[in-house]
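Okay, so the sequence shown: first residue is 20 according to this note's numbering, each after it adds one. All C-beta atoms in this analysis are idealised placements derived from N, C-alpha and C, irrespective of residue type, glycine included.
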Amino acid sequence: MMEKTDIGKEGDAMNYQANSARYESMSYRRSGKSGVLLPAISLGLWKNFGGEVPFEQSRKMVLRAFDLGITHFDLANNYGPPYGSAEETFGHILKKDLLPYRDELLVSTKAGYDMWPGPYGNWGSKKYLIASLDQSLKRMGLDYVDIFYSHRPDPHTPLEETMGALDYAVRSGKALYAGISNYRHEEAKEAISILKRLGTPCLIHQPRYSMIDRWIEDKLLDLLNEEGVGSIAFSPLGRGRLTNKYVQKLEAEESQSSDFRVLSGLSNFAGNRGQTLSQLALSWVLREGGVTSAIIGASHISQIEENVQALSQPPLTTEELTELDSILSHSHIG
Ligand code: NDP
């Protein structure tokens, strides 16, 4: 394990120096057929980085992640609470510590869900997406983000308009790459084709994916592979359920549910191969034929450290994957 992040005692203003060994334990994987390499594990700021969390706690997690080689930080306009506050927190961390490392970072943000009142603060219009991106840049104190996503498809806005907004964001220099999130197979296919026609290829798709939520295996993953589009899984730990902590909680409640039987089966399986359940869940989404990167959430530095260790553990064999399929066939957790 690497030395700890050198950020001094709580609250002091000591200058941050990134760990010189930060690129030694992370692996980097190409996003589709692009020039972009993503860390196998990325950090998401959906929860635990908002205005209600002490700044030093968020700061320490982000800096520890960077020291472990996590170069990609995933945000969205409304991450918080309150909305916008995760971007503000990240902006403060950039200003205080990480701006000297800006070119070593891949920062993403999104728009597509509820953000401000009225008809122009939600869904997929060009009006909303571009105004939102401008606000995100201001909150983070950045000139550009690396990836700008349409956070979800909008059934009432022509896809040409939503994709046109992503194309505009890239052409105007506010974003380097375009991405889509939560698009199902048919929607993704059309979005990828429109972006290709516009000359701003889709860099990446961000779907939900974990051992207990495998919907992308039905066509979407194949489409992304065929089109040379990268994939980055959100909620790879099933929002915290694929962890020993959650299994222990069910154990303490003396749960007899089928969820408990599946999760404790997975936990035992992980233990037998020297892993925690969260590490097994990450080995699984990052297996050959899986996704490019997994975006984890975390509330403690120790969780980030534990999760990154999954990358130095042995990959799952074909036999192990078959055994896991059999355990998971009893799962209705989703
Ligand atoms: P996960 O499935 O990784 O769940 C994260 C939670 O799991 C943590 O908050 C923590 O819970 C728990 N956890 C993590 N590691 C450990 C560990 N080693 N041991 C015990 N518990 C652990 O991901 P999220 O659902 O949080 O999503 C991750 C990111 O994905 C988001 O931050 C966001 O960037 C992105 N996302 C994107 C969406 C989209 O629509 N595009 C939607 C949802 C997420 P606890 O806080 O209780 O400790």
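For residue i, the first and last residue of its enclosing alpha helix (DSSP H)
i      : result
VAL189 : 178-190
PHE253 : It is not in any alpha helix (DSSP H) - PHE253 instead sits in the beta strand (DSSP E) that spans 249-253.
ALA105 : 104-112
ARG83  : 74-86
PHE68  : Unbroken run through PHE68: none, as it is neither H nor E.
ILE320 : 320-328
LYS145 : 145-159
SER342 : Ser is not the amino acid found at residue 342; the sequence shown has Glu there. Here the alpha helix (DSSP H) through GLU342 covers 337-347.
ASN291 : 277-291
LEU118 : Unbroken run through LEU118: none, as it is neither H nor E.
GLU43  : No alpha helix (DSSP H) contains GLU43, which DSSP labels as neither H nor E.
ASN244 : 239-246
Residue(s) in a DSSP beta bridge with residue i
i      : result
LEU305 : For LEU305, which the question treats as bridged, DSSP gives no partner whatsoever.
LYS208 : In DSSP, LYS208 forms no bridge with anything.
ALA197 : PHE167 and CYS221
THR128 : PHE167
ASP232 : SER229
ALA313 : ILE60 and ALA252
Range covered by the beta strand (DSSP E) that runs through residue i
i      : result
TYR265 : Not the beta strand (DSSP E): TYR265 falls in the alpha helix (DSSP H), residues 263-271.
ASP93  : 91-93
ARG49  : 47-49
Proximal residues to residue i (C-beta, below 8 angstroms), its chain only, five neighbours per side dropped
i      : result
ARG292 : LEU299, GLN332, PRO333 and GLU339
GLN294 : SER302, ALA329 and GLN332
GLY30  : Residue placement at GLY30 cannot be trusted, given a pLDDT of 41 that sits under 50; what the coordinates show is reported in the next sentence. These residues qualify, in order along the chain: GLU75.
GLU342 : PHE288
Sequence-distant residues of its chain with Cβ nearer than 7 angstroms to residue i (five each side left out)
i      : result
LYS283 : In the sequence on display, residue 283 carries Ser and not Lys. Only VAL266 meet the Cβ criterion.
SER151 : ASN96, ALA130 and MET134
LEU256 : SER229, THR262, SER297, ALA300 and ILE315
SER286 : ASN263, VAL266 and LEU296
ILE13  : A query on residue 13 cannot be resolved here, the shown segment of the chain reaching from 20 to 353 and no further.
GLY247 : GLY51 and LYS52
GLY259 : TYR265
Sequence-distant residues of its chain with Cβ nearer than 6 angstroms to residue i (five each side left out)
i      : result
SER11  : No answer is possible for residue 11: the residues shown for the chain start at 20 and end at 353.
SER50  : LEU57, LEU222, ILE223, GLY249 and THR311
LYS146 : TYR139
MET159 : GLU106, PHE109 and GLY110
VAL281 : HIS349 and SER350
ILE235 : PRO226 and TYR228
MET20  : At MET20 the pLDDT is 43, less than 50, meaning the model places this residue with poor confidence and gives no usable figure here.
ASP278 : ILE352
HIS91  : LEU57, PRO58, SER61 and LEU125
SER318 : ASN67
LEU148 : ALA130 and ALA184
Practice task
Taking 8 angstroms as the threshold, find out whether the segment 128-135 comes into contact with the segment 148-167 through three or more Cβ pairs.
Solution key: yes
Handout entry: the segment 213-222 touching the segment 251-264, judged by at least three CB pairs closer than 8 angstroms
Key = no
Exercise for the section: Taking 8 angstroms as the threshold, find out whether the segment 67-87 comes into contact with the segment 112-121 through three or more Cβ pairs. Expected result: yes
Practice task
Kindly confirm or deny that the segment 61-76 and the segment 34-44 touch, where touching means at least three C-beta pairs closer than 8 angstroms.
Solution key: no
Practice task
Would you check if there are 3 or more beta carbon pairs closer than 8 angstroms linking the segment 178-189 to the segment 205-216?
Solution key: yes
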